[in-house]
Ligand code: ATP
């Protein structure tokens, strides 16, 4: 794997007080690929995403994107480098309209025409959102809100998308929509790191996967191989 144009995490450790949550993690997301991170509840997946996006403090280690060091930088600096986050639990502005939520995602983009193009692109990915643009976000179903959360991240025209548990709690139809949009977005050249407790979705959508247990990477390899790996099947696919 070469990652000059992707994300490289080296010997990353993060602690909450004296309690380690991420221990010496190495991970690469080569530019243009989809990599997934799977693991049980509490394995440290969200902490890793938060460390990459500057939302928790890194204790030691390196994070680099396109050859530039990001460890310890502020979340808005990381966004300026082209990395957008779809956070766990969506974190929409519930009383604001869907349109306003999407516009918030494009706050760094001054050019109104570019903003309009990005909105069109989001509605191309999620046509069901068009009729919902004037509605308050909290009037939408969970699946529709997740679409808004993904679209809001896309409104920043990212070169890399980080998704933290985007399918949790969603009906299967919405899980499929999110999965296929992630692939479509990737086909347009956006690099993706997908964090999922739903290992089946993660392995089907991604090219390569990492398994996190108790804060450490215990296994990594091509996702297609993991789908047939007896240990993965037993531990993560319920087979
Ligand atoms: P989940 O699927 O439940 O979100 P996860 O794999 O994303 O799990 P993390 O949320 O990263 O796991 O949690 C990793 C460890 O760090 C867990 O033991 C958790 O209890 C702990 N932890 C997470 N957030 C904090 C915090 N703000 N303060 C203290 N400990 C935390």
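Residue numbers (our numbering): -13 to 225. Where a beta carbon is used, it is the ideal one built from N, C-alpha and C, also for glycine.
#### Entry: Residues sharing a beta bridge with residue 90, DSSP
Residue 90 is not bridged to any residue.
### Message
Nearest by alpha-carbon distance to residue 132: which of 157, 142 and 110 is it?
### Response
Per the Cα distances, 157.
### Task
Could I get the ranges of all uninterrupted alpha helix (DSSP H) runs contained in the segment 149 to 214, with 4 residues as the minimum, in chain order?
Taking 4 residues as the shortest admissible run, the segment 149 to 214 contains the following complete alpha helix (DSSP H) segments, listed from N- to C-terminal end: 158 to 173, 185 to 191 and 209 to 212.
### Message
So, for residue 53: in the same chain, excluding its five sequence neighbours on each side, which residues have a beta-carbon less than 7 angstroms away from its beta-carbon?
### Response
-10
### Query
Short check: CB of residue 171 to CB of residue 178, under 9 angstroms?
yes
### Message
For residue 197 and residue 146, I'd like the C-alpha separation in whole angstroms.
### Response
21 angstroms
### Message
In this structure, how does DSSP classify residue 83 when only helix, strand and coil are distinguished?
### Response
strand
### Message
Could you tell me the alpha carbon to alpha carbon distance between residue 96 and residue 69, rounded to whole angstroms?
### Response
18 angstroms
### Task
Could you work out which residue in 36, 200 and 78 is closest to residue 9 when comparing CA atoms only?
200
### Task
List the residues that DSSP assigns as beta-bridge partners of residue 54.
51
### Query
How would you call residue 87, buried or exposed, if buried means at least 16 neighbouring beta carbons within 10 angstroms?
buried
#### Entry: Extent of the continuous alpha helix (DSSP H) to which residue 106 belongs
98 to 111
### Heavy atoms of the ligand ATP versus C-beta positions, residues under 5 angstroms
2, 7, 27, 28, 29, 30, 31, 32 and 33
### Task
Give the range of the alpha helix (DSSP H) segment to which residue 77 is assigned.
No alpha helix (DSSP H) holds residue 77; DSSP gives it neither H nor E.
### Task
Would you kindly work out how many angstroms separate the C-alpha atoms of residue 37 and residue 209, rounded to a whole number?
24 angstroms
### Task
Please check the pair residue 0 and residue 63, which I expect to be a contact at CB under 8 angstroms, by giving their CB distance rounded to whole angstroms.
About 18 angstroms; that fails the 8 angstroms criterion.
### Task
Would you check if the distance between the CB atom of residue 223 and the CB atom of residue 189 is smaller than 9 angstroms?
yes
### Residue nearest to residue 23 in terms of C-alpha spacing, selected from 94, 151 and 55
151
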